[in-house]
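Its first residue numbered 356, the sequence shown is counted upward by one per residue in the numbering used here.
All C-beta atoms in this analysis are idealised placements derived from N, C-alpha and C, irrespective of residue type, glycine included.
Here the structure is a predicted model, which means the values were calculated and not measured.
Structure, as structure tokens:
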Amino acid sequence: MSAPFHVMIKPGDALAEVDRALDALKARGVSREDAGFHKYMFVTQAKQTVLMVTTRQAPLAAELRGRPGWSEPGDVTLNT
């Protein structure tokens, strides 16, 4: 089983914003992989963008955390 990913969400279609954040990190010498990027999608039924990063501390998470509208519903680990 693979490690769980950290999830960030934002209302609306923010795929272009994620792309711009990845471009900004690339300009600073951080690749998509090193930025912690795993996957993103716009969920039409929920009208929100879902971003999966490798860890909460990933550079991409830090880059977006300072921008308005992003939230992190997976901050607390669930005991199962």
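Status (buried if at least 16 other CB within 10 Å, exposed otherwise) for residue i
i	result
A376	buried
K381	exposed
E418	buried
S426	exposed
Same chain only: Cβ atoms within 7 Å of residue i, ignoring 5 sequence neighbours per side
i	result
V385	P414
Q412	none
C-beta contact flag for residue i and residue j at 9 Å
i	j	result
Q400	P366	no
Counterpart residues of residue i in DSSP-defined beta bridges
i	result
L406	M363 and Y395
S386	Per DSSP, none; premise fails for S386.
Nearest-angstrom Cβ-Cβ length linking residue i and residue j, presumed shorter than 8 Å
i	j	result
F392	L370	Actually they are not in contact, since the Cβ atoms of F392 and L370 sit about 12 Å apart, beyond 8 Å.
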